[in-house]
Every structure is written in structure tokens, then in C-alpha cells.
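Student:
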Amino acid sequence: MEALVFTDNSTVEFIKQENEKMGLSYEDFVSWIREPPNYTTFRVNTLHYTVKDALQLISENVAKTAIQINATRCPEVYINKDFPDVINVGSWDFSINDAPSDEVVVDAFCGAAILRGSHLFAPGVLALPKGTAVGQQVAVYADLDGKCLQGTATKYKGNKMLVGTGILELDREKLFNNIAEKPKGIAVRMTWTRKGILSFDYPIGMGQLQNLPSSAASWELNPLPGDLVLDMCASPGNKTSHLAALMNNEGVLVAIDRTEKKCNVIRETCDSFQAKCLAFCYDSSKSVLEDDEPKKKIEDGPPFNQNSFDKILLDAPCSALGQRPQLLNKISVKQIKSNPSLQKRIFKAAVKLLKPKGTLVYCTCSTTLEENEGVVQWALQEFQGVLAQAEARKRITPVVLLKNVPEDICAKVQRFGPQVGSVSEYCDSIGFFISRFVKI
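Residue numbers (the UniProt record's numbering): 1 to 440.
1) Bridge partners of Thr65, per DSSP?
2) Report the rounded CA-to-CA distance for Lys412 versus Ala390, giving the unit in angstroms.
3) Near Ala388, which residues of its chain fall below 7 Å by C-beta distance, leaving aside the five closest residues on each side in sequence?
4) Is there contact between the stretch 247-264 and the stretch 425-436, where contact requires at least three CB pairs shorter than 8 Å?
5) Are Ile186 and Pro36 closer than 9 Å when you measure CB to CB?
6) Only counting the same chain, and skipping five residues up and downstream in sequence, which positions put a Cβ closer than 7 Å to that of Val399?
7) Tell me where the beta strand (DSSP E) around Thr193 begins and ends.
8) In chain order, which continuous runs of the beta strand (DSSP E) of length 3 or greater are located wholly inside the stretch 265-337?
9) On the three-state DSSP scale, how would you describe residue 442?
10) Ends of the alpha helix (DSSP H) at Leu353?
11) Just verifying my parser: in three-state terms, what is the DSSP assignment at Asp98?
12) Going by C-alpha distance, which of Asp291, Pro203, Phe280 and Gly322 is nearest Phe432?
13) So who's on the other strand from Gly207, going by DSSP bridges?
14) Identify, in the order they occur along the chain, each residue of the same chain with its Cβ nearer than 6 Å to the Cβ of Lys311, setting aside the five sequence neighbours on each side.
15) If you run the structure through DSSP and keep just helix, strand and coil, what is Leu162?
16) Whole-angstrom Cβ separation of Gly145 and Gly164, contact assumed at under 8 Å?
17) Excluding the five sequence neighbours on either side, which residues of its own chain have a C-beta within less than 7 Å of the C-beta of Val5, listed in chain order?
18) Take Arg43 and list the residues in its own chain whose beta-carbon comes closer than 7 Å to its own, dropping the five residues that flank it on each side.
19) Which partner residues of Ser31 appear in the DSSP bridge assignment?
20) Taking the alpha carbon of Ile430 as the reference point, which residue from Asn38, Cys270, Ile204 and Gln136 has its own alpha carbon closest?
21) What residue ranges within the stretch 352-389 form continuous alpha helix (DSSP H) runs of no fewer than 4 residues, ordered along the chain?
22) Buried or exposed: which applies to Gly166, given that a residue is buried once 16 or more other Cβ atoms fall within 10 Å of its Cβ?
23) Using CA atoms only, rank isn't needed, just tell me which of Ile69, Ser341, Ser272 and Leu278 is closest to Asp300.
24) Following the continuous alpha helix (DSSP H) through Ser435, name the residue where it begins and the one where it ends.
25) Between the stretch 339-355 and the stretch 260-279, can you find at least three pairs of beta-carbon atoms closer than 8 Å?
26) On the CB-based measure, 16 or more other CB atoms within 10 Å of its CB, does residue 441 come out buried or exposed?
27) At a threshold of 8 Å, does Ile87 count as lining the ligand ZN (C-beta to nearest heavy atom)?
28) Please give the ranges of any beta strand (DSSP E) in the stretch 393-425, keeping only runs that are unbroken, at least 3 residues long and fully inside the region.
29) To the nearest angstrom, how far is it from the Cα of Pro75 to the Cα of Asn307?
30) Rounded to whole angstroms, what's the CA-CA distance from Glu371 to Lys344? Just pull it up for me.
31) Might you give, ordered along the chain, the residues of its own chain that have their beta carbon closer than 7 Å to the beta carbon of Cys365, omitting 5 neighbours on each side?
32) Where does the unbroken alpha helix (DSSP H) through Gly23 begin, and where does it stop?
33) Can you tell me whether DSSP reads Thr259 as helix, strand or coil?
34) Could you name the residues that DSSP lists as bridge partners for Ile87?
35) Excluding the 5 residues preceding and the 5 following Lys130 in the sequence, name in chain order all residues of the same chain whose CB lies nearer than 6 Å to its CB.
36) For the pair the stretch 122-141 and the stretch 100-110, tell me if three or more CB-CB distances fall below 8 Å.
Here it is as C-alpha cells:
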């Protein structure tokens, strides 16, 4: 038995209704969201590496992996046809006859990471049978009910899914019996996953694994050298570092997020890329100075003067229902429906901060209409005569027509999700949404 992804019955019903608007069944959506994309995308840090050099290095490291796992052929490694700083790495085309009898159990979140190609790190291990030795081949299962207890020493009998196999590198003593120090490091070095996605090595600063739509959002904004650019809700800084690269570190790039912890992560990300960025801890929805307040420089931080920025990226807080894969999700309808009001508050601030003729890109990693096309419809009405929806600069998704949404809105946004239309049009990625606006 394998559990459905969503545990809340009201959430299941809500998602059924959402997918009916696109002509999809709930089963279609669950089948899609439980599996990762069939390839990995790596965004090159073009501030300090050429795409050609990164391509060669990744290809060499993939070839080394093939030797380590005794694979007869490597996946294809190539430059993405739509975005010149993105490298695609395909899936490994081999299977196993039988899973090893020794089983390691992880939680659903960790299982999802393994399906995306991650090794199994020590903190993620829930169960490992006694007597399993370092160097053994083990099967890794994800606990789909969330009932496996940390430190379980017998074979787990609950509802579980095989996510991969690998070589055990840490035994029970190091994983569970060292009270003085939390376990760390790779517990299982993965050699096979059920979708054929494996990790590969690369130098710090050369780039990062980044979902294709996330790279697409930065390209949609199209920041140029010399621009004044704001990245709202910017943590962990992955898109921020991409914007810096597209600007060639020329101009002013500001990133803001609500907590100092998140801002420190932004700074660390940008430092590792040598990307120039000013990161400030602030509530994005309150980041605008009123007209009667004294003027100030952008470099002094938020709140900012109105009409300050040429380009603004608003990757809004959302329900994250587009993230793939998901094996277990306890989100409630109340939690999902709490997002649009916050998204609209931040959007209002973004419009005030944007210069006339400036570009605003709104995006989420959700699939719900209310968080996506619903916000676009609201924005066009709220800012009628001030803001116009723009065509996608680079369309890589089919147009998805939705009930009760004007066709011209659907034609301009990019909606990443389950396959709608022909296979040739389908972009296999996480669920994501992008809409571009221009201030009149």
C-alpha cells in the first residue's frame, strides 16, 4: 500500500477542484507530483565560469560516477536550448533486479530529496536494522505515514516506498548511539534511484542546482548592467545570485527578507558566487516610504522611496504545492488560502517601488489558481491604468486555459505543471508560475 500525498481530506477535495479547471484529475496530479522531473538542471555562475568549462567539468564528473556505479552508459549532459547559462543532466538509464534485503528508512521529506539525486545524510536516517555493516548495499525506503520512530532497529513494516539503493557509510553506533555529538556526513552513498537521478560533484561557486522555472523567472525579469534591481522575499538568494550574473555585477542589486537569519543565508549564497548584493532584513510589504517622508538613498536600505527600481522580482511566499517530488504533505486548505492576502500586500509595495516603464515579475512555486492567475486578475483591476500585463519574453510552457480566467491573461502567463496538451509542448519541471508586468 502507498499513501496519497495529501493527508487532509479537505485539501484533497480542494486540489481536485483546482485540477478540474485545467481538465486534469486528482490522480493525474498526484502521479505527477510524486515523481521528480526526468532531468537535473544546473545554473552556471557566469560571473566566474564559462558555460563551456562547466559543461566539460560536469561531463567528466558524471563519467566518474558511471565508473563508481558500474554503469555502461552516461546520461546526456547538454546546454539547455532556452537558457544559455543552464546545463541539463539527464537520468541514468538502468534498473535493479531486486532491492537489497537490508533496509534503511527515512522520512518522506528526505525520501523526496533522494529522488532528486541527493545522497542520504546522517540526520535523515530513521531506521537501520542491527548488524548492517558499513560497505553493504542497502535499500532506502521513505516512510509514507510518518510513523517510523528514530532509531528503529528492526525492519519497518509500515507503509513505505523504495526510493533508491546505495552503499552504507555509517553504522548504527555512529548514527544513533553517540549522545555527545549529532551524526553528520553521508550515511548512504546512493548508487541508484527509482527515477535514475543521481548527484554529481562540482566546485563551490561554479553554479548551483536550480529548478528550470527559477532560472526562467530571472531571465523574464531581464536585468541589465547598470539597472537598479530589487529581489523581494529573496532568501536563500539563488535567484539573487542569478540576477547579479545577468547584470554582470554592474548596477545596484538589493535583496530583502523578513529575518536576519534569512538575510545571512542570502549573503552567504552571494558571497560563494562573488555576486554583489545589498541584503537587508525587512518586511517586504512595508518596504515603501510614504510621499511625505524624507527621501533616502537605496544603499541606506528599506523602506525605499517610491519609483526607485527599474526591475523587481517578487517570488512570493506561497503554498509550495508545485514542489516535486512530494511524498507526504499535511497542508490544510486554511494554510493554502492564507497566502493570496499576503501576496497582494507585497505586490502593492512592489508596484509603488517600481519606476514608470519598469518591469515587475511575479512568480510562485504553487499550482493554485488563487495564488497565481487570481493575483494577476486582482492586480490588473487594482492597478488599472498603472500596470499592464506583458507577454512572456521566452515562452517554454503551453498556454493553459482555465475556467473563469480571461484567455488573454492565460496567454501571457507561464504555468508549469502536469502535462496539458501535447507531449512536445510539455516542460517537465516543478510546478511554477510566472507573470511579467510593466508599469505604465
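C-beta: ideal position from N, C-alpha, C; glycine also.
Tutor: Taking the geometry as given:
1) Start at 1 with the first residue of the sequence shown, and residue 65 comes out as number 65. Its beta-bridge partners do not exist; DSSP assigns none.
2) In the sequence shown, the residue the question calls residue 412 occupies position 412. In the sequence shown, the residue the question calls residue 390 occupies position 390. When rounded, the distance between both Cα atoms is 7 Å.
3) Numbered from 1 along the sequence shown, position 388 holds the residue referred to as residue 388. Counting only Cβ-Cβ distances below 7 Å, and skipping sequence neighbours, we find Phe437, Val438 and Ile440.
4) no
5) Numbered from 1 along the sequence shown, position 186 holds the residue referred to as residue 186. Numbered from 1 along the sequence shown, position 36 holds the residue referred to as residue 36. Not in contact: Ile186 and Pro36 (Cβ atoms no closer than 9 Å).
6) Here the question's residue 399 lines up with position 399 in the sequence shown. If we look at Val399 and ignore the five residues flanking it on each side, its Cβ neighbours are Cys410 and Ala411.
7) Here the question's residue 193 lines up with position 193 in the sequence shown. Segment Ile186 to Thr193, the beta strand (DSSP E) holding Thr193.
8) 278-281 and 309-315
9) Outside the shown range of the chain (1 to 440) lies residue 442, about which nothing can therefore be said.
10) Here residue 353 refers to the residue found at position 353 of the sequence shown. Start and end: Asn339 to Leu353.
11) Counting from one through the sequence shown, the residue named residue 98 turns up at place 98. Coil at Asp98, not helix or strand.
12) Here residue 432 refers to the residue found at position 432 when the sequence shown is read from its first residue. Answer by Cα proximity: Gly322.
13) In the sequence shown, residue 207 corresponds to position 207, counting from 1. Paired residue(s): Val44.
14) On the sequence shown, position 311 is the one that residue 311 refers to. Within the same chain, Lys311 has close Cβ partners Leu221, Pro223, Asp227, Val229 and Thr359.
15) The sequence position of residue 162 within the sequence shown is 162, counting from 1. The answer is strand: DSSP assigns Leu162 an E or B state.
16) In the sequence shown, counting from the first residue as 1, residue 145 sits at position 145. In the sequence shown, counting from the first residue as 1, residue 164 sits at position 164. It is worth fixing the name first, because residue 145 is Asp in this sequence and not Gly. The pair is not a contact, with the Cβ atoms about 19 Å apart (cut-off 8 Å).
17) Residue numbering aside, residue 5 sits at position 5 when the sequence shown is read from its first letter. For Val5, where only same-chain residues beyond five positions count, the Cβ hits under 7 Å are Val30, Ile33, Arg34, Gln326, Leu327, Leu328 and Asn329.
18) Taking the first residue of the sequence shown as position 1, residue 43 is located at position 43. Asp85, Val86, Gly207, Gln208, Gln210, Ser215 and His242.
19) Stepping through the sequence shown from its first residue, residue 31 is reached at position 31. According to DSSP, which records beta bridges pairwise, Ser31 is partnered with nothing at all.
20) In the sequence shown, the residue the question calls residue 430 occupies position 430. Ranking the options by Cα distance to Ile430, first place goes to Asn38.
21) 373-382
22) Position 166 of the sequence shown, counted from the start, is the residue given in the question as residue 166. Under this definition Gly166 is a buried residue.
23) Numbered from its first residue, the sequence shown carries residue 300 at position 300. Checked all of Ile69, Ser341, Ser272 and Leu278; the closest Cα to Asp300 is Leu278.
24) Reading the sequence shown from its first residue, position 435 is the one you call residue 435. Note, Ser435: premise wrong, no alpha helix (DSSP H); beta strand (DSSP E) at Phe432 to Lys439.
25) no
26) No answer is possible for residue 441: it lies beyond the span of the chain, which begins at 1 and ends at 440.
27) Looking for the ligand ZN in the displayed structure turns up nothing, as the structure carries no ligands at all.
28) 414-416
29) To locate residue 75, count along the sequence shown from 1; it is residue 75. To locate residue 307, count along the sequence shown from 1; it is residue 307. Whole-angstrom Cα-Cα distance: 48 Å.
30) Counted from its first residue, the sequence shown places residue 371 at position 371. Counted from its first residue, the sequence shown places residue 344 at position 344. Taking the straight line from one Cα to the other gives about 9 Å.
31) The residue given as residue 365 occupies position 365 in the sequence shown. So the list reads Cys318, Ala320, Gly322, Gln323, Ile430, Gly431 and Phe432, once near-sequence residues are dropped.
32) Sequence index remark: in the sequence shown, residue 23 carries index 23 (1-based). Unbroken run through Gly23: none, as it is neither H nor E.
33) One-based indexing of the sequence shown puts residue 259 at position 259. It is coil, neither helix nor strand.
34) Mapped onto the sequence shown, residue 87 falls at position 87. Answer is Phe42 and Ile79.
35) Your numbering for residue 130 matches position 130 in the sequence shown. The residues are Ala153.
36) yes
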